[in-house]
Amino acid sequence: MEDAEKVFDEMYQRDVIVWNLMIRGFCKRGDDDMGLCLFTQMRKWSVVSWNIMISCLAQSLQDSEALGLFHDMLDWGFKPDEATVVTVLPICARSGSVDVGKWIHSYEDNNLFCGLLGLELGAGGRGTGATPLVFVPEFLPPRN
Numbered sequence: 001m002e003d004a005e006k007v008f009d010e011m012y013q014r015d016v017i018v019w020n021l022m023i024r025g026f027c028k029r030g031d032d033d034m035g036l037c038l039f040t041q042m043r044k045w046s047v048v049s050w051n052i053m054i055s056c057l058a059q060s061l062q063d064s065e066a067l068g069l070f071h072d073m074l075d076w077g078f079k080p081d082e083a084t085v086v087t088v089l090p091i092c093a094r095s096g097s098v099d100v101g102k103w104i105h106s107y108e109d110n111n112l113f114c115g116l117l118g119l120e121l122g123a124g125g126r127g128t129g130a131t132p133l134v135f136v137p138e139f140l141p142p143r144n
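Numbering (our numbering), first residue to last: 1 to 144.
Next up, the structure:
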């Protein structure tokens, strides 16, 4: 990582891919603070940039920070993709953030991820218990 950091520091122009690789590299070695520092220095983000940083925070069990970054992502006008959904759902399950999980369910057009939401939130055992959080994808045929 030290060699990559040296090359990065000497680069005149850095595109979003290079920034993303550096952020991921620091996070993979456990330096989430440096990854977040680089993320905040970026002039231009992509959805991949947001996903990398949210995922790194989630893997370090920094759920509130990851959800905060997810909200920032939305505030900056970035639309969650499938990778975002798959990353944020386990955070919702662990932290009991049913409201965020329900928002994702209402947002996501792909019903496959709605099914995953029910599994994730249900597996986390954090639901209110008033309503089962199981969503059946509409594209599956009914069971006999």
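Just so it is clear, CB atoms sit at the ideal spot from N, CA and C, and this is done for glycine as well.
Assignment of alpha helix (DSSP H) within the region 13–54, counting only whole runs of 4 or more residues, yields 16–28 and 32–41 in chain order. Minimum Cα-Cα distance from phenylalanine 39 among the listed residues Pro90, Ile17 and Glu82 corresponds to Ile17.
Taking a 10 Å sphere around the C-beta of cysteine 37, we find fewer than 16 other C-beta atoms and assign the residue as exposed.
Apart from sequence neighbours up to five positions away, no residue of its chain approaches serine 64 with a beta-carbon distance below 6 Å. Within its own chain, the residues whose Cβ lies closer than 6 Å to the Cβ of isoleucine 23, once the five positions on either side in sequence are excluded, are Gly35, Leu38, Phe39 and Ile52, listed in chain order. Serine 64: member of the alpha helix (DSSP H) spanning 63–75, first to last residue. In this structure, the beta-carbon distance from phenylalanine 78 to isoleucine 54 does not fall below 7 Å. Annotated as proximal: valine 85 and isoleucine 104, with beta-carbon spacing under 7 Å. For the pair methionine 42 and glycine 25, the CB atoms are not nearer than the 7 Å cut-off.
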